[in-house]
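The letter at position 136 of the sequence shown is residue 136 when you use full-length UniProt numbering, and the numbering goes up by one with no holes.
Virtual Cβ for every residue (Gly too), placed ideally from N, Cα, C.
No experiment lies behind these values; they were computed from the predicted model shown.
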Amino acid sequence: MTLTLYYSTICPYAQRARLAVREAGIDVDEVGIDLRNKPEWYTRDINPAGKVPALKLDDGEILVESLVIAQYILEKHDASSRLIPEDPLTRARIRLWIERLGSFIPSIYGVIKAEEGGEQQARDNFLAAARQLNTELERVSGEGPYIFGDQFTLADIVSAPHLVSLETLERYNGFTIPDTREYARLNALRKTLRERPSVQQILPSYDEMVASYERLRARYAAAK
Ligand SMILES: N[C@@H](CCC(=O)N[C@@H](CS)C(=O)NCC(=O)O)C(=O)O
Numbered sequence: 001m002t003l004t005l006y007y008s009t010i011c012p013y014a015q016r017a018r019l020a021v022r023e024a025g026i027d028v029d030e031v032g033i034d035l036r037n038k039p040e041w042y043t044r045d046i047n048p049a050g051k052v053p054a055l056k057l058d059d060g061e062i063l064v065e066s067l068v069i070a071q072y073i074l075e076k077h078d079a080s081s082r083l084i085p086e087d088p089l090t091r092a093r094i095r096l097w098i099e100r101l102g103s104f105i106p107s108i109y110g111v112i113k114a115e116e117g118g119e120q121q122a123r124d125n126f127l128a129a130a131r132q133l134n135t136e137l138e139r140v141s142g143e144g145p146y147i148f149g150d151q152f153t154l155a156d157i158v159s160a161p162h163l164v165s166l167e168t169l170e171r172y173n174g175f176t177i178p179d180t181r182e183y184a185r186l187n188a189l190r191k192t193l194r195e196r197p198s199v200q201q202i203l204p205s206y207d208e209m210v211a212s213y214e215r216l217r218a219r220y221a222a223a224k
């Protein structure tokens, strides 16, 4: 069976799919797509929306959307059901966490895209969202170290790219998420995820990330 995963190193959504592949322990062909110079065949033949990730199955069917792809890979290839436990309540909790993460992610892009004069407001919004996520983490994970205690799951795979990228965001923007109780579980989780071998394998370099932030800012400014 040959699966082909189309990705870009800097894309956190593609990183979710790459993590799922590594955590499931399967081999896929990984094809890097240069988003600055996207090949015409990609939009024509693979994903009309032009976005990564996309996963081509051996019969030619193509899946898109990082969550769909990660779930498919784990449901099909994680025989131990370790990463998506079978218990319906655990699954419901994982889905709820992913919803919560979805509300947090825009605050990250808010900081990246903040214009002159709006930086403080964007950081305040981000920190408020981070505190909420920390509270949610305290609720679901106890002592951790992962989102659902000692079990690494789909929730961690989906969260790791954005949470680990906060390190880059802090450096790029010259601010730090405070090392205080309000952020303690979130900061500990970031560290734990950062050390996971699968995450280490797919981490983009700081320079790559900065270049992608600059492009995002330019695109945002041009769209105004
Ligand atoms: N909701 C999608 C989002 C994917 C996405 O936004 N990918 C971005 C890169 S991070 C992309 O491919 N953008 C197309 C472009 O930049 O041309 C998912 O979860 O897979």
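Segment limits, alpha helix (DSSP H) that includes residue i
{"i": "Ala-222", "result": "206–222"}
{"i": "Leu-35", "result": "Leu-35 -> no alpha helix (DSSP H), and no H or E assigned at all."}
{"i": "Ile-10", "result": "Where Ile-10 is concerned, there is no enclosing alpha helix (DSSP H), given that its DSSP letter is neither H nor E."}
{"i": "Ile-157", "result": "154–173"}
{"i": "Val-199", "result": "197–202"}
{"i": "Ile-73", "result": "66–77"}
{"i": "Arg-181", "result": "Where Arg-181 is concerned, there is no enclosing alpha helix (DSSP H), given that its DSSP letter is neither H nor E."}
{"i": "Asp-124", "result": "119–141"}
Cβ-Cβ distance between residue i and residue j below 8 Å
{"i": "Leu-154", "j": "Leu-74", "result": "yes"}
{"i": "Arg-22", "j": "Gln-201", "result": "yes"}
{"i": "Glu-33", "j": "Met-209", "result": "Note on identity: in this sequence residue 33 is Ile, with Glu being the wrong assignment. Against a cut-off of 8 Å, the Cβ pair of Met-209 and Ile-33 comes out as no contact."}
{"i": "Ala-188", "j": "Gly-149", "result": "no"}
{"i": "residue 226", "j": "Ala-129", "result": "Past the boundaries of the shown model lies residue 226; the chain is included only from 1 to 224, so the question cannot be answered."}
{"i": "Ile-108", "j": "Tyr-213", "result": "no"}
First and last residue of the uninterrupted beta strand (DSSP E) at residue i
{"i": "Arg-56", "result": "According to the sequence displayed, residue 56 carries Lys and not Arg. Segment 54–56, the beta strand (DSSP E) holding Lys-56."}
{"i": "Thr-4", "result": "4–7"}
{"i": "Leu-83", "result": "It is not in any beta strand (DSSP E) - Leu-83 carries neither H nor E in the DSSP assignment."}
Buried versus exposed, by CB contacts within 10 Å (16 or more), residue i
{"i": "Thr-168", "result": "buried"}
{"i": "Pro-204", "result": "buried"}
{"i": "Arg-196", "result": "buried"}
{"i": "Leu-83", "result": "buried"}
Contact test: residue i Cβ vs ligand 3 heavy atom, cutoff 7 Å
{"i": "Glu-65", "result": "Looking for ligand 3 in the displayed structure turns up nothing; the ligands present are ligand 1."}
Presumed contact (8 Å Cβ cut-off) between residue i and residue j, rounded CB distance
{"i": "Leu-193", "j": "Val-158", "result": "Not quite, the Cβ-Cβ distance comes to about 11 Å (not below 8 Å), so this is no contact."}
{"i": "Phe-126", "j": "Gly-110", "result": "6 Å"}
{"i": "Ile-69", "j": "Leu-89", "result": "Contact flag wrong, Cβ pair sits at about 24 Å."}
{"i": "Lys-51", "j": "Val-64", "result": "7 Å"}
{"i": "Asp-87", "j": "Ala-24", "result": "No, Asp-87 and Ala-24 are not in contact; Cβ-Cβ is about 19 Å, not under 8 Å."}
### Task
Give a yes or no on contact between the region 137–152 and the region 177–197, applying the rule of three or more CB pairs nearer than 8 Å.
yes
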